[in-house]
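Have a look at the structure below, then the notes.
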Amino acid sequence: MSTKSKELPRAASPEEVGVSSALTEQFLHYIKEQNLEFHSFMVIRHGKIAVEWYNEPYTADTSHSMYSVSKTFSATAIGFAVSEGLLSLDDKVLDFFPEYTPKSDSPYFDKLTVRSLITMTSGKQTNMLEEKGKIDWIEDFINSPWVFEPGTQYLYVNENIYMLCAIIHRVAKTSVVDYLMPRLFEPLGIERPFWETDQNGIEAGGWGLYIKTMDLAKVMTCYLHEGKYKNKQILPKDWVKEATVNQIGDIKMPSKDKDCCAGYGYCIWMDDTEPYSYRADGMFSQFGINFPSLDATIISTAAIPCEDEARAAIWAFFPAAFADENGNGVEVDTSSVNRPVASKHSVTESRLIGKTIKVRKKILLNIIGMPVSMLPLAVTFMMSDRAGNIDNIKFNFGDHECDMTWDEGDERNTVCCGMDGRYRYGTMTLGKIKFKVCANAEWIDDINLKVMVRPVETVGMRTLNFLFRRNNKVTITPTSTPSTYKIVDTLSRSFTEIIKNPLLSKICQKAIQIAPPLAEPKHYGKIV
């Protein structure tokens, strides 16, 4: 089967497959008015694409960080392994890793199974702030503290899913990506994806997968149709039936968000918006939502920290937009909303010719392992190698663009920034990962230069504001999109769900509220 024949067909109009073009346009206008940064949005119904929208600079060809949607792919690998007899969900986790001996004996290890990992009921709680590049992830998980008996409570822990990937490596004797290539990716016409790994090449599992919007649409369509894609069985049918229904029984999910307490399958969240609906869900509002009763799928990528806001925006228009097919539709206006600003030149440019900006290192940020990087905070937080410590900055200005060169550790990069109202595209390598980027720059006035670099496969953007002062002094103010304040606000609210002690929860919320100015402080440098 050719790659083209593996693509999802497109409807002549949304109405052809029972999707309201009017309500869809209202949704796209609404997210613009509310400043909700969706990067892509797709609606599939009856096997055809009804709506496909991308927010410049994101395109159909842009792979995007999936964050916890990665978990659904890890669980899918487990589904294949179960169907092939490589393991069962009731296998004990420690049996896969005989060379690891727990530091403390506990009867709970006999109840720590593959099932408890995949349903987030393992009872283990790892340290979220641990610097992953310096530890053995398997050993760290095994020796992490118990907070309850496996299978008795629910606690969302990323490393549960990393352990699933480690198990696949053991039983399949190959990587998860290699294992999924002939079983999932190639049959669906999905190019080999990038997936972040630990030092031993084991996929992160709970995060780190980069795929295109269309790729996620194909996989979710498979789940919607009992594992079939274009009438060919891709996923094990029995696995799909189990994975997409609640697998934690009456166990209470610690959330006040109704979309996060309706049940949990095999790395799939239950929804109560529509009967039997469910979703793959990733941080910053990456969604793959299936509505089986309506034969419909919604896919989104985004940079929205407060996911309930993103879901509320979708629920305001969907599934209401699903109606009877009539074929009398109009094309949806899918024009982009992000455009850079054209900039004038500044006399300060002459001061920077052939010069280097030396930047003072922030000691505190290095102590906590979070030095400011050209990557936004939302990206570096989840990386095993966080890069950071921007230094030796050089600018080279042309008529309509400028090159910015800088060091981070032993990595040196140059990006071209458009100054004519158009992005420039290129690459940069940070934390040993190569990122596709688009960039632009503008002079706010003669001494204030704003540089914006967006790794287009991630959720964020890094902005550096340079203030060129007297005596060759420079103040650099870093900010991120999504903003650090929004990320912190979302995290602080989650403490009420994770930490049961009300007083301790309040203390943690107060403490984290002071994080933004500490995480992205002003940096000071000098032109030499």
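Numbered per the numbering used here, the sequence shown spans residues 1 to 528.
We treat Cβ as the ideally placed atom computed from N, Cα and C, and that holds for glycine.
| Span of the alpha helix (DSSP H) holding E25? | S21 to E33
| task | Indicate whether the contact test is met: 3 or more Cβ pairs, each with one atom in the region 215 to 227 and one in the region 237 to 251, closer than 8 Å. | result | yes
| request: Could you tell me which of E16, Y524, E191 and S106 sits nearest to L94, measuring between CA atoms? | output: S106
| request: For A77, count neighbouring Cβ atoms within 10 angstroms of its own Cβ and tell me buried if that reaches 16, exposed if not. | output: buried
| Inter-stretch contact at 8 Å, needing at least 3 Cβ pairs: the region 463 to 473 / the region 66 to 76 | no
| query | What's the C-alpha gap between A519 and S20? | reply | 44 Å
| query | Going by beta carbon distance, what residues of the same chain come within less than 7 Å of E274, once the five residues before and after it are set aside? | reply | F291, S293, L294 and P319
| request: Could you check what DSSP says for H169 in three-state terms: helix, strand or coil? | output: helix
| query | With DSSP run on the structure shown, which of helix, strand or coil describes M404? | reply | strand
| task | Could you check the C-alpha separation between Y425 and N440 for me, to the nearest Å? | result | 9 Å
| How many angstroms separate the CA atom of P254 from the CA atom of K358? | 48 Å
| request: Determine, using beta carbons only, whether G265 and Q286 come nearer to each other than 7 Å. | output: no
| For the region 426 to 436 against the region 385 to 396, are there 3 or more C-beta pairs whose distance is under 8 Å? | yes
| request: Give me the Cβ distance between G123 and F148, rounded to the nearest whole Å; I'm assuming they're in contact under 8 Å. | output: 5 Å
| Can you list, in chain order, the residues of its chain whose CB lies under 6 Å from that of N465, leaving out five sequence neighbours each side? | K450 and T477
| request: From the DSSP output, in three-state form, read off M1 for me. | output: The predicted position of M1 is uncertain, since its pLDDT is 49 and thus under 50; a value taken from the coordinates is nonetheless stated next. Three-state DSSP puts M1 in coil, outside helix and strand.
| Close beta carbons around G369, own chain, < 7 Å, minus the five adjacent residues each side | E131 and R386
| message | Taking the alpha carbon of A342 as the reference point, which residue from H400, V43 and T152 has its own alpha carbon closest? | response | H400
| With 16 other Cβ atoms within 10 Å as the buried cut-off, status of H29 | exposed
| Nearest-angstrom Cα distance between E408 and S373? | 7 Å
| CB-CB under 6 Å to I202, same chain, minus the five flanking residues each way: which ones, in chain order? | C165, A166 and H169
| task | Kindly confirm or deny that the region 176 to 187 and the region 135 to 142 touch, where touching means at least three C-beta pairs closer than 8 Å. | result | no
| message | Since A310 and A302 should fall inside the 8 Å C-beta cutoff, what is the C-beta to C-beta distance between them, to a whole number of angstroms? | response | 6 Å
| field | For T484 and L604, believed in contact at Cβ under 8 Å, the rounded distance | value | This structure leaves residue 604 out entirely; the chain is present only between 1 and 528.
| Which of helix, strand or coil does DSSP assign to W315? | helix
| So who's on the other strand from M270, going by DSSP bridges? | Y278
| S116 and P145: beta carbons closer than 7 Å? | no
| task | Return the CA-CA distance between E196 and S104, expressed in angstroms with no decimal places. | result | 30 Å
| task | Provide the residue(s) that pair with P478 in DSSP beta bridges, ordered along the chain. | result | L464
| Cβ separation of S40 and N55, assumed to be a contact under 8 Å, to the nearest whole Å | 7 Å
| Would the beta-carbon of E530 fall within 7 Å of that of T113? | For the chain, the structure presents residues 1 to 528; residue 530 sits outside this window and is missing.
| task | Consider the C-beta atom of T221 and the heavy atoms of the ligand FMN; say whether any pair is separated by less than 6 Å. | result | You won't find the ligand FMN in this model; it holds no ligand whatsoever.
| message | For Y67 and M120, which I take to be in contact (beta-carbon distance under 8 Å), what is that distance rounded to the nearest angstrom? | response | Between M120 and Y67 the Cβ distance is about 16 Å, and since that is not below 8 Å, they are no contact.
| Coil, strand or helix - K486 by DSSP | helix
| query | Where does R10 sit, in a helix, a strand or coil, going by DSSP? | reply | strand
| said: Looking at S300: is its Cβ nearer than 7 Å to the Cβ of F109? | reply: no
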